[in-house]
Structures are given as C-alpha cells and as structure tokens.
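Remember, this note's numbering sits 265 above the position in the sequence shown when you count from 1.
Glycine included, C-beta positions come from ideal geometry on N, C-alpha and C.
In this text the structure is predicted, and so the values were computed from the model without any measurement.
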Amino acid sequence: MADKHLIFSKKQIEKIIETYPTPFHIYDEKAIRANARYFKNAFSWNEGFKEYYAIKAAPNPYLMKILREEGFGIDCSSTAELELAKRVGMSGNEIMLTSNDTPASEFQMAKNLGAIINLDDILHIEYLEKNVGLPDTVCLRYNPGDLKKGNLIIGHPEEAKYGFTHGQIIEGYQMLKEKGVKHFGIHTMVASNELDPDYFIETAEILFKLIIEITEKTGIHIEFANLGGGIGIPYKPGQKAVDMEYVSIGIQKLYNKMIAGNGLAPLKLFFESGRAITGPYGYLVTKVRHIKKTYKQFAGMDACMANLMRPAIYGAYHHITVLGKENEPHTEKYDVTGSLCENNDKFAINRMLPVLEPDDIIVIHDTGAHGYAMGFNYNGKLKSAELLLRENGEVSQIRRAETIDDYFATLDFDLLKDFPV
C-alpha cells in the first residue's frame, strides 16, 4: 500500500525557503532514479526494451538528463518538446514523435533529428510523404475502438481523436510497404492514470493479436510495439501502485505464446510512461496566506491553480501534509484554495486537516507529473521555481521562478504611447 511520507522535514524546508520562496515544486532525484531502474529491470527479458519518457508530464531538461542516464528515451508531441530533446543531446531512436494534428515543420524537425515518427492518421502518410518525405522507419498509432474500454480521464477509445481504426491500420501498413518504408512499429494508448495492472496486459494482448493479423495480411514484420503510457499512481493513501513486475510477467507470457510462438520474434517493447516515472516524486510546497471563515472555512495558499491545476479540472485528489503538524488530529474541515478569480481554484474541498494558521507550510504530494507542466499565466499569475533534491542531499534550482518582466516580455510598451485608439 502507498504511504504519504515525506522525504524532508519542516526544518529542511524552512532552510530551503530562505533561498527559494514558496511556492515551488521540488523533485526527489534518488527516488526517480530508483523508480526508473525498477521499471527498466522489470522488462529486462525483452531485448531492446525502452521507456520513452512522456516529456509532457514534466518538461524539464534536468529531469530528462537524469532519465536519459538511466537509459530512457523521450516521447515528444510538439516542436518545443523536440527542441528540448535536442538541447539535452538526444537524437535518433532516443526520440519518438507521437503526432497529433501535426504541422509539416514538426515532422521535418523530427526527421532531421532521426526520431521515430509515430503517425496518428492515415491521411498523414501522404501528408508526410508530400511535405517531408517518408523516413525508413514509421510507426502507426492504433485506436481499438470498442474492443477496449477506456477510463474516465482519456475517455472511450471510439470517441478519442487519436489513432487509426482497425481497417485503416491494415491499409496504412500496406501503403507504407508499397512506398518503400523498410521498418515498422505499432503503438496504442487507451487509458490515463489506470491502476489496474491487468489493463496493461490486456492491451498488450490486443496489440499482439493485431501484429499477427498485420503480418498475415501485408507480409511486413513489426519490429517494435509501443504499449503507450497511462500507468497510474496511488494519489490517495491506501491505493496500491501498479506492480510492473506483475505486468511484465503477464506480457511475457503473451509474448512467448503469440509473438515468439508465431515466429514474429524479436519484437522490441516500448512504453511512454510519464506520470508513473516521476509523478510520486514531486511535491508542491506552499504557505498558508489567509484563513477565511464564512459559510465554510477556506485556507488560502500562496500557490494557486497556475501551479497545480489537476484538482480544478479533474476533481483530482492530491494528498496534503502540514509540516510540523503531521501528528496533530485532523479536526478542521477546509477548502484549500488559491488566489485566482475563479471559484474552482481549489486544491482540496472539504478536506479534514489540523488547525491551520497563516505561514503554515503545506506540502501537496504527487506533483512530479502534470503539475508544473500544466501551469499558465491567467490572472497574471507567475509560474513557480522547480527545485531538485539531489542524491547527496543538496538542493539545486532547475528552473527559476518567473518574474513580472517575463510576463510582459512579449509586449512592446514602447509602441503603446503612439498606438491609435
């Protein structure tokens, strides 16, 4: 079962705050490395296995450098994410571009980097050929439709904008073969934040069955299968983390029966997990600014939805620890809020906590994925700093906090005085 213990004490955080004012996100390097090794070791039986970290989860080059050292690739879906990969020094099959309504310039950049291009639409085959030219290796994204039940966050596959239908993907591979593409991969992703380990084994079975059919109908050999991401984390105390060793054993049995058993080995297995790799190892540290009592009790933070928007848009649960009051009884009910002019700017609703006072330090757990990454500047709010707790116990700033000058940097106020109104 997952616990919600912290890696630092109130005294340590108070020392950090002397240099880096709240709010800020802080990540645990030691835990991220250990988790990366656990994930990779679980699939060590598969030669060529690779995890392509979904950089959208935490787009920080320092974190990506750590994961690259652990043997991970990077999954990108935008020009900026490809540029981040480039600046970290990545190229070739270290990079996968999972396309989605993709412009030609983005395909061109991916091709220039030697990235694996994962196409989302059958019409993108001709679009890519016409505007960029087809690379030697192409991957296609499969949408299984009603063959696979979706979950709350990502929705039902047949309603999703992603991927080829069953008929389209057979046709797509035949087109690519006729156009001279030499190497082929397949990809799917049909869940987000899923905690049922059998879900991922069942997904592999659907993909393996399709690989057999593709080979029979087109004669091509699928060289790698990207099983996607969507692996959840235990946000709530008492939830159980996905046992990746269990998942691996289940997939290995299917691999031996369906892939090796049909003469289709070797098949490299890939994942593109983000949340499951860094999510539990990031924390949003914030202070209580005001306590308001009206029809309810409100604890107003110096952080807001701009720092963590999952609770507001998903109703997502994030555990909250009050530093120095960990052992005090949770006797008070609060809505834990930010200062945006939006009533849904809340980290928690009706949350039982110890008695709170201004300047109490609050730690919001599990913000290592889709935390800072989803930030914004609505209401003129500035994004916070990102810190890294190193393995030796030192703290490094890996992204400074935004300033008011950053906010106005794209505006030219010198022209304002002469602007006609």
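Under the criterion of beta carbons closer than 8 Å, isoleucine 487 and phenylalanine 449 qualify as touching, at roughly 5 Å. Taking 4 residues as the minimum length, the alpha helix (DSSP H) runs contained wholly in the stretch 268-314 are 275-284, 294-307, in order along the chain. For a cut-off of 8 Å, the C-beta gap from valine 403 to phenylalanine 372 is around 11 Å, too long to register as a contact. Per DSSP, the continuous beta strand (DSSP E) segment holding glycine 338 begins and ends at 338-341. Per DSSP, phenylalanine 684 lies in no alpha helix (DSSP H) and is assigned neither H nor E.
In this structure, tyrosine 285 lies away from leucine 328, with their beta-carbon atoms at least 8 Å apart. Threonine 596 counts as exposed, since fewer than 16 other C-beta atoms from the protein chains shown sit within 10 angstroms of its C-beta. For histidine 595, there is no enclosing alpha helix (DSSP H), as DSSP gives it neither H nor E. In this structure, isoleucine 629 lies near leucine 549, with their beta-carbon atoms less than 8 Å apart. Taking C-beta atoms as the reference points, leucine 472 and phenylalanine 535 fail to come closer than 8 Å.
Taken through DSSP and simplified to helix, strand or coil, arginine 616 comes out as strand. The Cβ-Cβ distance between lysine 269 and histidine 584 falls below 8 Å. Contact check for aspartate 340 and alanine 319: beta-carbon distance about 5 Å, within the 8 Å limit, so the pair qualifies. The Cβ atoms of leucine 618 and cysteine 569 lie no closer than 8 Å to each other.
Taking 8 Å as the cut-off, the beta carbon of asparagine 383 is found closer than this to the beta carbon of serine 364. With fewer than 16 other Cβ atoms inside 10 Å of its own Cβ, lysine 558 counts as exposed. By the Cβ rule, the stretch 309-319 counts as touching the stretch 539-556, because three or more pairs are nearer than 8 Å. In this chain, the alpha helix (DSSP H) harbouring tyrosine 464 covers 462-483.
Taking a C-beta distance under 8 Å as the contact criterion, histidine 452 and leucine 405 qualify as a contact pair. In the displayed model, isoleucine 435 falls within a helix according to three-state DSSP. Of the residues Ala375, Leu532, Pro368, the one whose Cα lies closest to the Cα of leucine 362 is Ala375. Look at arginine 655 here: in three-state DSSP terms it is coil, with no helix or strand label. In the structure shown, the three-state DSSP call for isoleucine 487 is strand.
Residue pairing by DSSP places cysteine 404 opposite Asn383, Gly450 in a beta bridge.
Residue burial annotation: asparagine 527 is exposed, with fewer than 16 other C-beta atoms found within 10 angstroms of its C-beta. When C-alpha distances from isoleucine 281 are compared across Tyr672, Phe673, Asp671, Gly658, the shortest belongs to Gly658.
Spanning the alpha carbons of isoleucine 626 and threonine 287 requires a straight line of approximately 9 Å. Boundaries around tyrosine 548 are those of the beta strand (DSSP E), 547-558, since no alpha helix (DSSP H) includes it. The residues Ile435, Tyr438, Gln439, Lys442, in chain order, have a CB closer than 8 Å to that of threonine 483 in the same chain once the five nearest residues on each side in sequence are set aside.
For arginine 540, the enclosing alpha helix (DSSP H) stretches over residues 540-543.
With fewer than 16 other Cβ atoms inside 10 Å of its own Cβ, proline 623 counts as exposed. One thing to note: glycine 503 has its Cβ no nearer than 8 Å to the Cβ of threonine 632. Inclusion of tyrosine 511 and proline 545 in the CB contact set at 8 Å is not warranted, their separation being larger than that value. Counting the other CB atoms within 10 Å of its CB gives glutamate 312 a total below 16, which places it among the exposed residues. By the neighbour-count criterion, in which 16 or more other beta carbons inside 10 Å mark a residue as buried, alanine 530 falls on the exposed side.
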